[in-house]
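Below is one structure, written out as structure tokens, with a few remarks after it.
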Amino acid sequence: MLEFVSSPEQGLPPLDMDAQACLFGPQVAAVLYTPALTVQQIGVDGAVLVDDVLLDRAVSLGWVWTDDFAGWAAPSPGWHAALAGDHFTVSQPDHLNWYDGSLPATAAWREAARSTGRVFHFTASRSDTTRILDQIGTGQALAIVTLFTEDNTGLTS
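In our numbering, the protein residues as written are 4 to 160.
What follows is the structure in structure tokens.
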């Protein structure tokens, strides 16, 4: 199914992504990102040049495949996650945002992220969260770890 076509100079469409908070054990705050589209880069001859532009960009920014545990065991330089209420922002080393949107998170998730000061992030090709969980275990997902801060300024309990 053809989802998007453009010439390279037109760039990419905004890539909508859903984010879901989850806990892997009592102290491991994680976020699963499910992209709405898979965007491929196709050459003028019709050959696929890049199978998944989002994953290719993630790898170029430091994300690693989940079977490379050493590559995502510690926070990646230049990456940061911040939560203010339900608004979650993940900034990249190039100062652009990987994610800027809603992330409803439980009190337990917030406590885990706050106490460890880090969040584990996972994504894979167009998928749902259940499939991403399976892909994490088989090395078919990407991961990165960020530092974390929570801003409760002006929020009421």
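Here a beta-carbon is modelled for each residue, glycine too, at the ideal position from N, C-alpha and C.
On a predicted model such as this, the values are computed, not experimentally measured, just so you know.
Classified as buried, Ser-79 has 16 or more neighbouring CB atoms from the shown chains inside 10 Å of its CB.
Taking 7 Å as the cut-off, the Cβ atoms of Val-31 and His-124 do not count as close. For Asp-103, the uninterrupted beta strand (DSSP E) run begins and ends at 100 to 105, by DSSP. By the Cβ criterion, the stretch 141 to 152 is in contact with the stretch 68 to 83, since at least three pairs of Cβ atoms, one from each stretch, lie closer than 8 Å. In the same chain as Thr-132, and ignoring 5 residues on each side of it, the C-beta atoms closer than 7 Å to its own belong to Gln-23, Leu-35, Thr-37, in chain order.
By the neighbour-count criterion, in which 16 or more other beta carbons inside 10 Å mark a residue as buried, Leu-99 falls on the exposed side.
Judged by DSSP in its simplified three-state form, Phe-123 adopts strand. Thr-141 and Asp-70 have their C-alpha atoms roughly 7 Å apart. Per DSSP, reduced to three states, the secondary structure at Phe-151 is strand.
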